[in-house]
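For reference, the structure is listed below as structure tokens.
Residue numbers (this note's numbering), protein chains in the order written: chain A, 1 to 280; chain B, 1001 to 1280.
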């Protein structure tokens, strides 16, 4: 496994790989790798000749009041996990090489970036699309692997790729969960013992939504109201949003139908967690 | 010479070209090809195995009050010129395939895009950088050819390419002029007989700037004031801006030094013309 810090060097190396006819699978991460990331890495390995993982805590996608500084950076463990899962190349740039002095270009997906998580995290998705555009140009992968847990992120990146004609396929892999149902996230580390139990309300609420929809409830206002009731029973949990939207354009649905995304964001203490499910 | 309208098809074809080890030179245009464009095409042919020219009147870079509809579109003549100058591939997309329903991604170079021409053309450079990002992803050229006449455009595109890590070199070719000094531009077509004579004030003013600088005048306020005097003698010409700026970051200079860009924009009747010179 090679670790490369210089974008230009990685690009030249991977251009050679592409020219030799080998396919490249790419998994961009903020590090703090967990089974969710590993499922992407495994899939990338199954689908491609070469697997590239980037580890970069991207400051552009953190708001000024957010957790950039405390975000976990267990680099040694991350690299061991990459080695174990047969990653070929780890791209490990520093902030200065990604955002040198004079940097001033932003890539923004208008509309989609303001909805759902975009309400409480203004600028977040613009930071994501900007860094992903950079990474796609550096790595030139054949396939980009993203996790369904960050549903809105995956939808926005897919939109950017289509709009800007990036020649790459996107594969979105299912959310990986703990046995108790909690969606695995690097931010779960912030949770104390009781908070981890409180956080189960996310997957329980999504299960309730699935049950209601299976029972034939179509009215999204009614479903959302039932979810609110369930979540509000726990006084330690504060709802950020509950949304039932079209899974391609994030438009709110009045009635369940087509591919609909049920998405939640709640605060457990100071930690903001998200989860979602797609119901067909 | 092949004419290709579909971005996906062009991308697959050119990927094959790259994989075979051939280099691609790319000249993006709005059509209405003139000797300025042809100098880029010739240079691209000298430097590369394959030359791609795009012809696309990009609506995203025209303001609502601007000349999108009357912009010249002499397609037959453009294609003949491409054939004559041994272009290998012409990319000729339509508006719908470049900006399909739901399109919502914008690439913006902050700061630089608001200066000089950006003042009277808000959104213009964002339209340029967005379409160039698309074209670079579709064509994946080794070298991108731009004209010095659109100095700010070249600076902004180079900034975007650096910031977003597009793996492409930029070559900026000198402005091509009529014998009388008028910088060649597709918009010169809008000028009537007297207006074409009035337009000579642009190159005359730039020549005056060069003379003053050669004589040792360093104070940019003084130089600009002399240029204003010269231009204002002609009542048919209205100054949009006169600027003496650093040619890398467009910051106004108090004193001439380093690589300085003297840039002008004036209205001749309803036609807005630009010209510039770099003084070392």
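All C-beta atoms, glycine included, are put in the ideal place defined by N, C-alpha and C. These figures come from a predicted structure and were not determined experimentally.
Taking the Cβ atoms as the reference, residue 1004(B) lies roughly 5 angstroms from residue 1010(B), within the contact range of under 8 angstroms. Secondary-structure assignment with DSSP links residue 255(A) through a beta bridge to 219(A).
The way I'd put it, the segment 104-111 of chain A doesn't touch the segment 13-29 of chain A; fewer than three beta-carbon pairs between them come closer than 8 angstroms. Its chain contains 1001 as the residues whose beta carbon lies nearer than 8 angstroms to that of residue 1083(B), once the 5 sequence neighbours on both sides are disregarded; these appear in chain order. Listed along the chain, the chain B residues whose CB falls inside 8 angstroms of the CB of residue 249(A) are 1102. Of all residues in the segment 163-196 of chain A, only 163, 164, 165, 166, 167 place a beta-carbon less than 7 angstroms from a beta-carbon of chain B. With a 10 Å radius around the Cβ and a threshold of 16 neighbouring Cβ atoms, residue 199(A) comes out buried. For residue 11(A), the neighbours in chain B by C-beta distance under 8 angstroms run, in chain order, 1165, 1167. Its chain contains 1067, 1271, 1272, 1273 as the residues whose beta carbon lies nearer than 8 angstroms to that of residue 1187(B), once the 5 sequence neighbours on both sides are disregarded; these appear in chain order. Following the DSSP letters along the chain, one finds residue 1173(B) inside the beta strand (DSSP E) bounded by residues 1169-1173. In the three-state reduction of the DSSP assignment, residue 1184(B) falls in the coil class. At a cut-off of 3 residues, the continuous stretches assigned as beta strand (DSSP E) that sit fully inside the segment 80-159 of chain A are 89-91, 105-109, 143-147. The C-beta of residue 138(A) comes closer than 8 angstroms to at least one C-beta of chain B. Apart from sequence neighbours up to five positions away, the residues of its chain that approach residue 231(A) with a beta-carbon distance below 7 angstroms are 201, 205, 237, 239, 266, ordered along the chain. With fewer than 16 other beta carbons inside 10 angstroms of its own, residue 1063(B) counts as exposed.
Boundaries of the alpha helix (DSSP H) harbouring residue 1212(B): 1200-1214, taken from the DSSP string. Between the segment 129-143 of chain A and the segment 244-263 of chain A, the count of Cβ pairs shorter than 8 angstroms is below three; the stretches do not touch. Residue range 24-29 is occupied by the beta strand (DSSP E) that includes residue 25(A).
With fewer than 16 neighbouring CB atoms inside 10 Å of its own CB, residue 97(A) falls in the exposed class.
The distance from the Cβ of residue 1087(B) to that of residue 1051(B) is about 5 angstroms, consistent with a contact at the 8 angstroms cut-off. For residue 1111(B), the residues of chain A that pass the 7 angstroms Cβ criterion are 104, in the order they occur in the chain. Residue 53(A): not part of any alpha helix (DSSP H); member of the beta strand (DSSP E) spanning 50-55, first to last residue. Assignment of residue 1263(B) by DSSP, reduced to helix, strand and coil, places it in the strand class. Residue-level contact by beta carbon fails for residue 114(A) and chain B, as no gap is shorter than 8 angstroms. DSSP, reduced to helix, strand and coil, places residue 241(A) within a strand of the structure shown. Judged by DSSP in its simplified three-state form, residue 1176(B) adopts coil rather than helix or strand.
Note: residue 1232(B) is not bridge-paired with any residue in the DSSP secondary-structure output. Looking at the DSSP output, residue 41(A) bridges to nothing. At least 8 angstroms separates the CB of residue 1143(B) from every CB of chain A. For residue 164(A), same chain residues with a beta-carbon under 8 angstroms away, outside a window of 5 residues either side, are 107, 133 in chain order. If you draw a straight line from the Cα of residue 1211(B) to the Cα of residue 1241(B), it comes to about 20 angstroms. The segment 1178-1195 of chain B and the segment 1030-1038 of chain B touch, with three or more beta-carbon pairs separated by less than 8 angstroms.
Along the segment 118-131 of chain A, none of the residues has a CB nearer than 7 angstroms to a CB of chain B.
Less than 8 angstroms divides the Cβ of residue 1027(B) from the Cβ of residue 1044(B). In the DSSP assignment, residue 1012(B) falls within the unbroken alpha helix (DSSP H) covering 1007-1019.
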